[in-house]
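For reference, the structure discussed in these notes is given below.
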Amino acid sequence: MRIDLHCHSTASDGTDTPAELVRNAGAAGLDVVALTDHDTTRGYAEAVAALPRGLTLVTGAELSCRVDGISMHMLAYLFDPEEPALLAERELVRDDRVPRARAMVARLNELGVPVTWEQVARIAGEGSVGRPHVATALVELGVVPTVNDAFTGHWLADGGRAHVEKHETDPFEAIRLVKGAGGVTVFAHPGASKRGRTVPESVVAELAAAGLDGIEVDHMDHDADTRARLRGLAADLGLLVTGSSDYHGSRKTCVLGEYTTDPEVYGEITRRATGAFPVPGTGGA
Ligand code: AMP
Ligand code: FE
Ligand code: FE
Ligand code: ZN
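For the record, in the sequence shown the residue sitting at position 67 is 591 according to this note's numbering, with numbers rising by one throughout.
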């Protein structure tokens, strides 16, 4: 069983449509794929409709959170997408991305970059607009050679010259909301130090005590030492350990199934969840 529990589509900052994502996941030989767009479930219906036979879809989202001034991402799986309290918080975060992206465009204009909101909006399309879309605009303008190169202090990295914060949920509140909607929470790439400050282990312990289910350990942004440390932390705190690609289509270098999750851990996630069930593929539209 090959299980990849963290993927993005054009519903946020990936480049595959939800239908393309599940077709590519099937072609890559995955048995289970999770759709975890940033702060939205908008891609679900299209992914379900296109789901190939033999591939199971885990519905989810990656929630933007912040604790003690540190931005972090919380993967949420198999929650009820209609549950009103979590839905309201997701929409609040997603909608705040628009004025925030406009503010980053204004910052870039002040820095002499002729990017426009229309350009960023075209790149984002229907997706939750985020820094990778702004970064793609900077690539189009020849300001930086790749999307990754836009994530420096010079441009869009946390605290960078053109970075503007968005509304982000307290992770303790996110855990409470996801549980209330029958879902399971996994702290995404907790050791991704290249992205900015990371959450201290003491806070991970507090999150575990508050009901966090797991942490993502096998991830492209974690080196071998970080993975070993996080595995030890998970064992100490009784947390599930996941692995996933964090696939973003052509916007990032990772490929589907580059890292995977143990089938027993996947089974435990599905047993804990009560808000939604994994969807088995029946052939696709
Ligand atoms: P946003 O949610 O708009 O703040 O943008 C966060 C997204 O930007 C993440 O989900 C990644 O897709 C991407 N990102 C963040 N940090 C980096 C980085 N250092 N290199 C490349 N992409 C990054
Ligand atoms: Fe992303
Ligand atoms: Fe993330
Ligand atoms: Zn992600």
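Each residue gets a CB set at the ideal place from its N, CA and C atoms; glycine is no exception.
Check your understanding: With a CB to CB cut of under 6 Å and the five nearest residues on each side skipped, what residues in its chain are close to A705?
Key -> For the purposes of this step, residue 705 is taken as the residue at position 181 of the sequence shown. Around A705: F603, D604, E607, L610 and G799.
Practice item. Please find out if some non-hydrogen atom of ligand 2 comes closer than 7 Å to the beta-carbon of H678. Key: Counted from its first residue, the sequence shown places residue 678 at position 154. Checking the Cβ of H678 against ligand 2 gives no.
Review point. Can you tell me where the beta strand (DSSP E) with H597 in it begins and where it stops?
Key: The residue labelled residue 597 in the question sits at position 73 within the sequence shown. I594 to Y601 is the extent of the beta strand (DSSP E) around H597.
Practice item. Please list, in chain order, all residues of the same chain as A698 whose beta carbon is under 8 Å from its beta carbon, the five residues on each side excluded. Key: Locating residue 698 in the sequence shown gives position 174, where the first residue counts as 1. Contacts found: L587, C589, M598, A600, E613 and T709.
Check your understanding: So, helix, strand or coil for A585, using DSSP?
Key -> The residue given as residue 585 occupies position 61 in the sequence shown. Note: A585 maps to strand in three-state DSSP.
**Study point:** Classification of S810 by the beta-carbon crowding that lies within 10 angstroms, buried from 16 upward
**Key:** Outside the displayed span of the chain (525 to 809) sits residue 810, for which this structure offers no information.
Practice item. State buried or exposed for T640, treating a residue as buried only when at least 16 other CB atoms are found within 10 Å of its CB. Key: For the purposes of this step, residue 640 is taken as residue 116 along the sequence shown, with counting starting at 1. By the 10 Å Cβ count, T640 comes out exposed.
**Study point:** Heavy atom of ligand 2 within 7 Å of D563 beta-carbon
**Key:** For this step, residue 563 is matched to residue 39 along the sequence shown. False, no ligand heavy atom lies under 7 Å from that Cβ.
Check your understanding: Can you tell me whether S533 is buried or exposed, with buried defined as 16 or more other CB within 10 angstroms of its CB?
Key -> As a position in the sequence shown, residue 533 is number 9, starting the count at 1. So S533 counts as buried.
Practice item. For G538, collect the residues of the same chain with a Cβ closer than 6 Å to its Cβ; drop the 5 residues on either side in sequence, then sort them by chain order. Key: Position 14 of the sequence shown, counting from 1, holds the residue named residue 538. These residues qualify, in order along the chain: H532, H772 and G773.
Point to revise | Given V582 as reference, the closest of V591, T766, R753 and L559 once Cα atoms are compared | key: For the purposes of this step, residue 582 is taken as residue 58 along the sequence shown, with counting starting at 1. Residue L559 is the option with its Cα nearest to V582.
Point to revise | Other residues of its chain near G518: CB distance less than 6 Å, five sequence neighbours each side excluded | key: Outside the displayed range of the chain (525 to 809) lies residue 518, so it cannot be described from this structure.
Exercise for review: Rank E615, G651, P656 and L616 by C-alpha distance to the C-alpha of V629 and give the top, closest one.
Suggested key: Walking along the sequence shown from the start, residue 629 turns up at place 105. Out of E615, G651, P656 and L616, P656 has the C-alpha closest to the C-alpha of V629.
Practice item. Take L764 as the anchor and find which of R631, F801, P802 and A712 has the nearest alpha-carbon. Key: The sequence position of residue 764 within the sequence shown is 240, counting from 1. It is A712 whose Cα lies nearest to the Cα of L764.
Check your understanding: So what does R590 bridge to, in DSSP terms?
Key -> Indexing the sequence shown from 1 puts residue 590 at position 66. For R590, which the question treats as bridged, DSSP gives the partners S595.
Review point. Should A551 and E570 be called a contact, given that it needs their Cβ atoms to be closer than 8 Å?
Key: Counted from its first residue, the sequence shown places residue 551 at position 27. Counted from its first residue, the sequence shown places residue 570 at position 46. For A551 and E570, no; Cβs fall outside 8 Å.
Review point. How would you label S769, buried or exposed, when you count the other beta carbons within 10 angstroms and need 16 or more for buried?
Key: Here residue 769 refers to the residue found at position 245 of the sequence shown. That one is buried.
Exercise for review: Have a look at G807 and L529 and give me their C-alpha separation to the nearest angstrom.
Suggested key: Mapped onto the sequence shown, residue 807 falls at position 283. Mapped onto the sequence shown, residue 529 falls at position 5. One C-alpha to the other measures close to 21 Å.
Exercise for review: Sort out for me which residues DSSP pairs L764 with in a bridge.
Suggested key: Residue mapping note: residue 764 aligns to position 240 of the sequence shown, counting from 1. Partner(s): G738.
Exercise for review: Give me the Cα-Cα distance between I793 and A574, rounded to the nearest whole angstrom.
Suggested key: By one-based count along the sequence shown, residue 793 stands at place 269. By one-based count along the sequence shown, residue 574 stands at place 50. For I793 and A574, the distance between alpha carbons rounds to 24 Å.
Check your understanding: Would the beta-carbon of L665 fall within 8 Å of that of A674?
Key -> Reading the sequence shown from its first residue, position 141 is the one you call residue 665. Reading the sequence shown from its first residue, position 150 is the one you call residue 674. No.
Point to revise | Closest residue to K703 among D737, F801 and P714 (Cα-Cα distance) | key: Numbered from its first residue, the sequence shown carries residue 703 at position 179. Minimum Cα distance to K703 is reached at D737.
Exercise for review: Could you check what DSSP says for T709 in three-state terms: helix, strand or coil?
Suggested key: On the sequence shown, position 185 is the one that residue 709 refers to. Note: T709 maps to strand in three-state DSSP.
**Study point:** C-alpha distance - T676 paired with G651, whole-angstrom precision
**Key:** Here residue 676 corresponds to residue number 152 of the sequence shown, with the count starting at 1. Here residue 651 corresponds to residue number 127 of the sequence shown, with the count starting at 1. Cα-Cα distance, rounded: 23 Å.
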